[in-house]
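Take 0 as the starting number for the sequence shown in numbering that gives the first Met the number 0 and just add one per residue.
Beta carbons are placed, not taken as given, at the ideal position from N, Cα and C, and that holds for glycine.
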Amino acid sequence: MDKIEIRGENAQQIKFWNSKATASWTEKNEQMDAMLRPLGAAAIARAQLNSGERVLDIGCGCGATTLDMVSMVGATGGVTGVDISAPMLELANHKAQQLPEPLRSNTSFILADASDYEFPTGEYDLLFSRFGVMFFADPISAFSNMRRALKPAGRVAFMCWAPFNENDWVMKPMLAASAHLPETPATDPKAPGPFAFSDTAYLTDILTTAGFADISFESTTHPIAVGRGDTLERAAESCLEGAPLSKLLIDQPDSVKKRVTDSVAEAIAEHYKEGVVELDGKCWVVTARNSAE
Numbered sequence: 000m001d002k003i004e005i006r007g008e009n010a011q012q013i014k015f016w017n018s019k020a021t022a023s024w025t026e027k028n029e030q031m032d033a034m035l036r037p038l039g040a041a042a043i044a045r046a047q048l049n050s051g052e053r054v055l056d057i058g059c060g061c062g063a064t065t066l067d068m069v070s071m072v073g074a075t076g077g078v079t080g081v082d083i084s085a086p087m088l089e090l091a092n093h094k095a096q097q098l099p100e101p102l103r104s105n106t107s108f109i110l111a112d113a114s115d116y117e118f119p120t121g122e123y124d125l126l127f128s129r130f131g132v133m134f135f136a137d138p139i140s141a142f143s144n145m146r147r148a149l150k151p152a153g154r155v156a157f158m159c160w161a162p163f164n165e166n167d168w169v170m171k172p173m174l175a176a177s178a179h180l181p182e183t184p185a186t187d188p189k190a191p192g193p194f195a196f197s198d199t200a201y202l203t204d205i206l207t208t209a210g211f212a213d214i215s216f217e218s219t220t221h222p223i224a225v226g227r228g229d230t231l232e233r234a235a236e237s238c239l240e241g242a243p244l245s246k247l248l249i250d251q252p253d254s255v256k257k258r259v260t261d262s263v264a265e266a267i268a269e270h271y272k273e274g275v276v277e278l279d280g281k282c283w284v285v286t287a288r289n290s291a292e
């Protein structure tokens, strides 16, 4: 897999998603897929895919949704996954090689920043994403660029997180960990990150300005397996391996990480059953269409 140049407004995101901090996404990909697949399936269902369609999968990561959708559009369709993470796309390409022909030939991956990549104009029927579109420094510019890749009658279906305080899967571990971490400056809730699109009015304005119409939101809540382990402590450690907590712990000494782990274990203890910690996650399934039709 080629390397991606760390440049532009999204340079910080490109650097992070190609760092060791995100190794858990590839090393524990089966667990990650099991955690997110039910949520991604809700967005795919709303996309109403048809045989023969061409799909652009933004922030495809290790390729789970790309491969799910190529099986649905069939031999006459195709899915192109786009991501800024070279390690994730290396795994995605490996998975794609296990597909039967001609699905293998109709699956492709691009290592690129979708916010400014020159996609073929009017090539795709659907712009899709499972939690991959909330990280752009300039979301209006990014969605405008991606919209140009859609056919005039093209549509959009993606999933993003609802507000932080409605997502126990991240709120409970984060609150438990925060007591042991340096206080961080207040950040703009609309800054690039998992919850950047939790405000539906804000997201509606972005999509409208970028040229989309008929924007709708459907909420879905699902238990998420955020931690796994044969002991509660190991399950707590597992909770800390995913973003955003992994990012906060990168430069912390082992003594701090141990205190964080102990506090998280205490916070999740009542949710630890049969080696798994499940906490609720709430998302928006967002749909829209290209207003150029």
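Would you kindly work out how many angstroms separate the C-alpha atoms of residue i and residue j, rounded to a whole number?
| i | j | result |
| --- | --- | --- |
| T64 | V263 | 30 Å |
| R154 | G210 | 11 Å |
| T260 | T230 | 12 Å |
| D167 | Q12 | 25 Å |
| L48 | I57 | 16 Å |
| T25 | F15 | 14 Å |
| I5 | E269 | 42 Å |
| P151 | D213 | 14 Å |
| N164 | M170 | 6 Å |
| E253 | C282 | Note that residue 253 is Asp in the sequence shown, not Glu. Computed Cα separation, rounded: 33 Å. |
| T21 | E236 | 15 Å |
| A46 | E240 | 31 Å |
| L126 | A85 | 21 Å |
| G192 | V225 | 18 Å |
| K27 | V255 | 24 Å |
| G73 | M34 | 26 Å |
| M158 | V284 | 5 Å |
| V54 | P181 | 43 Å |
| G274 | A141 | 40 Å |
| T203 | Y123 | 22 Å |
| F118 | Y271 | 45 Å |
| V69 | K19 | 30 Å |
| E232 | M145 | 43 Å |
| P243 | S23 | 12 Å |
| D32 | A291 | 35 Å |
| V132 | G77 | 21 Å |
In the DSSP output, what is residue i paired with across the bridge?
| i | result |
| --- | --- |
| K281 | T220 |
| L125 | V54 and R154 |
| A212 | R288 |
| K272 | V275 |
| R227 | V275 |
| W160 | C282 |
| G77 | R53 |
| S107 | T79 |
| L149 | Y123 |
Apart from the five residues just before and just after residue i, which ones in its own chain have a Cβ nearer than 8 Å to its Cβ?
| i | result |
| --- | --- |
| F108 | C59, G62, T65, T79, G80, V81, D82, L88, A91, N92 and A95 |
| R258 | H179 |
| T120 | R147 and A148 |
| K189 | A195, D198 and Y201 |
| D279 | N166, D167, W168, T220, H221, P222 and I223 |
| E265 | A175 |
Can you say whether residue i is buried or exposed, counting buried as having 16 or more other CB atoms within 10 angstroms of its CB?
| i | result |
| --- | --- |
| T75 | exposed |
| P184 | exposed |
| R227 | buried |
| A10 | exposed |
| R103 | exposed |
| L52 | Going by the sequence as given, residue 52 is Glu instead of Leu. Buried, since its Cβ has 16 or more Cβ neighbours within 10 Å. |
| S215 | exposed |
| D1 | exposed |
| S128 | buried |
| Q97 | exposed |
| T208 | exposed |
| S218 | exposed |
| A44 | exposed |
| S114 | buried |
| P172 | buried |
Under 6 Å Cβ to Cβ from residue i, same chain only, skipping five residues before and after it: list those, please.
| i | result |
| --- | --- |
| I267 | V276 |
| P138 | I205 |
| G39 | T64 and R129 |
| A156 | A42, R45, A46, F127 and T286 |
Using C-beta distances below 7 Å, list every residue in its chain close to residue i, excluding the 5 sequence neighbours before and after it, in chain order.
| i | result |
| --- | --- |
| L186 | A small correction: the amino acid at residue 186 is Thr; Leu does not occupy that position in the sequence shown. Nothing listed; no residue qualifies. |
| E8 | A136 and D137 |
| R36 | A63 |
| Q30 | R227 |
| A161 | S197, S218, K281, C282 and W283 |
Quick check: the region 158-176 against the region 239-254, are there 3 or more CB pairs under 8 Å? yes
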